[in-house]
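See structure below.
Residue numbers (the working numbering): 931 to 1079.
This is the structure we're talking about:
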């Protein structure tokens, strides 16, 4: 199984990678750290599953640079690009926000994403590193959509 993680936070990525290595030890995991590098990877390589952060920097951070502007809905922009380019790789959004800066709740966002991207959007998992709930939700989603895992 080939899995792409698009996530700008290294600690969150490490949690996801460790979890996936336990769930699917033979999986090949690729990590991209920004909207731009994630989108390029999605358009140029085939994956079985994408774990997509919703809020991230537009560009990868490098020493002494900020990574460009921070985009609250960068993940949604990537989903739009996937939809327009007929990329149907299954996507699970991973977010650390239950309410966004504009007041949108996680439940509202989930509903909107289901309506817009239903064929390839599986669900959104609320990530809190200290809690176990995200692990169970993510495990259940992966097992339900990839029975050989």
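Glycine is no exception: its CB is placed at the ideal position from the N, C-alpha and C atoms.
Coil, strand or helix - residue i by DSSP
i, result
"residue 1050", "coil"
"residue 1080", "In the structure as shown, the chain begins at 931 and stops at 1079. Residue 1080 is therefore absent and cannot be evaluated."
"residue 1000", "strand"
"residue 986", "strand"
"residue 991", "coil"
"residue 1034", "coil"
Beta-carbon spacing of residue i, residue j below 8 Å
i, j, result
"residue 1008", "residue 972", "yes"
"residue 957", "residue 933", "yes"
"residue 978", "residue 931", "yes"
"residue 1057", "residue 942", "yes"
"residue 1073", "residue 1050", "no"
"residue 1002", "residue 985", "yes"
"residue 964", "residue 947", "no"
"residue 1016", "residue 1047", "no"
"residue 1075", "residue 1039", "no"
"residue 1054", "residue 1035", "no"
"residue 945", "residue 1059", "yes"
"residue 969", "residue 940", "no"
"residue 876", "residue 953", "In the structure displayed, the chain extends from 931 to 1079; residue 876 sits before or after that span and is not available."
"residue 949", "residue 1044", "no"
Identified DSSP bridge partners for residue i
i, result
"residue 961", "935"
"residue 1019", "DSSP, once it has assigned bridges, lists no residue as partnering residue 1019."
"residue 1056", "1025"
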